[in-house]
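I have placed the structure first, in the form of structure tokens, so that the comments after it can refer back to it.
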Amino acid sequence: MTAYLNALGVICALGRNKQEVARNLFAGDCSGMRSEAGWVAERSLPVAAVRGELAPIPAELTHQSSRNNQLLLEAALQIREDIEQAIQTYGRDRIGVILGTSTSGIHEASSGLAHYIREHQFPADYDYQQQELGAPATFLADWLQLSGPAYVISTACTSSARALMSAQRLLDLGMCDAVLCGGVDSLCKLTLNGFSALEAVSEQRCNPFSANRNGINIGEAAVLFLMSKSAGNSQSIALLGSGASSDAHHISAPEPTGRGALQAMRKALSRAGLQPQQIAYLNLHGTATQHNDAMESLAVTTLFPQGVPCSSTKPMTGHTLGAAGALEAAFCWLSLSADNREHALPPHVWDGQPDPELPALHWVTPTDHLTSIAPRYLMSNSFAFGGNNVSLIIGDAP
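In full-length UniProt numbering, the protein residues as written are 1 to 398.
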């Protein structure tokens, strides 16, 4: 069954709606990445934050107030009309909510615990529900009064890619007629200090696949798709295939040959009924760590011996962790959108100095364009701790 991606709401360092995000994405704009002190002691680090005030949590749901849920609300408000139409069409009990996150409301929890240590009591606005991993799905379902399946997947940096896979499964099983799916993650000291302890964070803008790469930057984002069994009124874009694997090589390091990544990509192609040469663009996981980039370049050149246009978009958005899979799937959606009249692709932003130890890849430049002739098929990779790998194929719906 075709899983149509009827609507998209997105907010990240590139912008606060899909028009802004698309414009800055295709321009290769990295201005949202700014160095900030205060996240990690005695270090100033580049972070890709959403700037400005966020929509307030409705008064009746203040016990669920967190920055994570505010980001999610911003994305949901962008497609509120589409959501209401789905509610009228299918009913509140036939719409599911499946999201990916890794931080949830841990920033509020950390602040609450700091207050408890100082004052021996939690602040008045602290509620444990703010930090539960299931909080984003619960909040969205409560706000919209939906009674279909609602849950969160937390598999580190593949969380929201897996949320899209699970949403399609609910449609295939007939458990839902539409699913709100995607991911959300917000900046917090826990993740920045954790990655810093792993010596994985760069003090400069990340530089994926470069000989000079030295680590990741962290960002925040919220992405929400309305996925359904029916094509929308506008151009039809769909999740056509997905593949997952778990090589369980190491708790944090990827399997060096790219075996698990390759398996996920091949599964996605098989489920979409496609051959590698039909993929017009690949959004790489591309974290700019030594091991990830080496592994991914091996996997990509094995699957695409003739090459495929590809790029890592993380220098523009940072690594948005649990939201990354959905965010980069959204970049494929935006590339296919009828609003992308120039048929632009996300360029690969780096210093242009390839690592001679890595197989050469076909980098997207600002002059490269996607064909206007349908059907077009784009792939997006996400890899996570524990050897958790996901590949998605987004394309023109049949």
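Cβ coordinates follow ideal geometry from the N, Cα and C atoms, glycine included.
(request) Take Thr365 as the anchor and find which of Ala59, Leu8 and Phe26 has the nearest alpha-carbon. (result) Within the sequence shown, the letter at position 365 stands for residue 365. Closest option to Thr365, Cα to Cα, is Phe26.
(request) List the DSSP bridge partners of Arg34. (result) One-based indexing of the sequence shown puts residue 34 at position 34. DSSP lists Val47 as partners of Arg34.
(request) Check the DSSP bridge columns for Pro354 and list the partner residues they point to. (result) Residue numbering aside, residue 354 sits at position 354 when the sequence shown is read from its first letter. Paired residue(s): Ser210.
(request) Could you tell me which uninterrupted beta strand (DSSP E) segments, each at least 3 residues in length, are contained entirely in the stretch 320-379, listed from first to last along the chain? (result) none
(message) Relative to the C-alpha of Val21, which candidate in Gln121, Ser337 and Gly96 has its C-alpha closest?
(response) If you number the sequence shown from 1, residue 21 lands on position 21. If we check each option's Cα against that of Val21, Ser337 comes out closest.
(request) Starting from Ser391, follow its DSSP beta bridges and name the residues at the other end. (result) For the purposes of this step, residue 391 is taken as the residue at position 391 of the sequence shown. In the DSSP output, where bridge partners are listed per residue, Ser391 has Gly243 and Asn381.
(request) Using the Cα positions of Arg266 and His362, report the straight-line distance between them to the nearest angstrom. (result) Position 266 of the sequence shown, counting from 1, holds the residue named residue 266. Position 362 of the sequence shown, counting from 1, holds the residue named residue 362. Cα-Cα distance, rounded: 19 Å.
(request) Could you pull out every unbroken beta strand (DSSP E) segment of at least 3 residues lying fully inside the stretch 124-181, listed in chain order? (result) 150-153
(message) Taking 7 Å as the threshold (C-beta atoms), are Ala76 and Leu187 in contact?
(response) For this step, residue 187 is matched to residue 187 along the sequence shown. For this step, residue 76 is matched to residue 76 along the sequence shown. The answer is no: Cβ separation not under 7 Å.
(request) With distances taken Cα to Cα, identify the nearest neighbour of Ser242 among Met227, Met165 and Cys206. (result) To locate residue 242, count along the sequence shown from 1; it is residue 242. The shortest C-alpha separation from Ser242 is found at Met165.
(message) Considering only DSSP beta bridges, list what Ile98 is partnered with.
(response) Residue numbering aside, residue 98 sits at position 98 when the sequence shown is read from its first letter. Ile98 is bridged to Tyr151 and Cys181.
(message) Can you tell me whether Asn17 is helix, strand or coil according to DSSP?
(response) For the purposes of this step, residue 17 is identified with residue 17 of the sequence shown, where counting begins at 1. Of the three classes helix, strand and coil, the one that applies to Asn17 here is coil, per DSSP.
(message) Which runs of the alpha helix (DSSP H) at least 4 residues long sit entirely within the stretch 63-94? Give them in chain order.
(response) 67-78 and 80-90
(message) Please identify the residue among His343, Asn389, Pro315 and Arg341 whose C-alpha is closest to the C-alpha of Val47.
(response) The residue you call residue 47 lines up with position 47 of the sequence shown. Of the candidates His343, Asn389, Pro315 and Arg341, the one whose C-alpha sits nearest the C-alpha of Val47 is Pro315.
(message) Taking contact to mean 3 or more Cβ pairs, one atom from each stretch, closer than 8 Å, check whether the stretch 105-114 and the stretch 192-205 are in contact.
(response) no
(request) Sort Cys332, Arg376 and Gly100 by Cα distance to Pro398 and report the nearest one. (result) Mapped onto the sequence shown, residue 398 falls at position 398. The shortest Cα separation from Pro398 among Cys332, Arg376 and Gly100 belongs to Arg376.
(request) Evaluate the contact criterion for the stretch 303-323 versus the stretch 83-97: three or more CB pairs, one atom per stretch, below 8 Å. (result) no
(message) Which of the three DSSP states is assigned to Val300 in this structure?
(response) Your numbering for residue 300 matches position 300 in the sequence shown. Residue state, collapsed to three classes: helix.
(message) I'd like the span of the alpha helix (DSSP H) that includes Phe195, first residue to last.
(response) What you label residue 195 is simply residue 195 of the sequence shown in a count that begins at 1. Where Phe195 is concerned, the enclosing alpha helix (DSSP H) stretches over Lys189 to Ala197.
(request) Return the residue from the list Asp355, Pro359, Glu328 and Pro354 that minimises the CA-CA distance to Pro346. (result) The count along the sequence shown starts at 1 and reaches residue 346 at position 346. Closest option to Pro346, Cα to Cα, is Glu328.
(request) Name the two residues that bound the continuous beta strand (DSSP E) containing Met265. (result) For the purposes of this step, residue 265 is taken as residue 265 along the sequence shown, with counting starting at 1. Taken as a continuous stretch (DSSP letters only), Met265 belongs to no beta strand (DSSP E), being part of the alpha helix (DSSP H) at Arg259 to Ala272.
(request) Return the CA-CA distance between Asp351 and Ser210, expressed in angstroms with no decimal places. (result) Position 351 of the sequence shown, counted from the start, is the residue given in the question as residue 351. Position 210 of the sequence shown, counted from the start, is the residue given in the question as residue 210. Using only the alpha carbons, I get a separation of about 7 Å.
(request) Give me the Cβ distance between Ser380 and Asn283, rounded to the nearest whole Å; I'm assuming they're in contact under 8 Å. (result) For the purposes of this step, residue 380 is taken as the residue at position 380 of the sequence shown. For the purposes of this step, residue 283 is taken as the residue at position 283 of the sequence shown. Going by Cβ atoms, the distance from Ser380 to Asn283 rounds to 4 Å, so yes, they are a contact pair.
(request) Out of Glu36, Gly15 and Trp39, state which residue places its alpha-carbon closest to the alpha-carbon of Gly28. (result) Taking the sequence shown and counting its residues from 1, the one referred to as residue 28 is at position 28. Looking at the Cα atoms, Gly15 is the closest of the given residues.
(message) Assuming Tyr4 and Ala238 are in contact, meaning their beta carbons sit under 8 Å apart, how far apart are those beta carbons, in whole angstroms?
(response) For this step, residue 4 is matched to residue 4 along the sequence shown. For this step, residue 238 is matched to residue 238 along the sequence shown. About 5 Å; that satisfies the 8 Å criterion.
(request) Under 6 Å Cβ to Cβ from Asp396, same chain only, skipping five residues before and after it: list those, please. (result) Within the sequence shown, numbered from 1, the residue matching residue 396 stands at position 396. For Asp396, where only same-chain residues beyond five positions count, the Cβ hits under 6 Å are Ala374, Pro375 and Arg376.
(message) Pop quiz: Thr101 and Gly322 are said to be a contact at Cβ under 8 Å. What is the actual Cβ separation, rounded to whole angstroms?
(response) For this step, residue 101 is matched to residue 101 along the sequence shown. For this step, residue 322 is matched to residue 322 along the sequence shown. Indeed, because the Cβ distance is near 4 Å, the residues count as touching under 8 Å.
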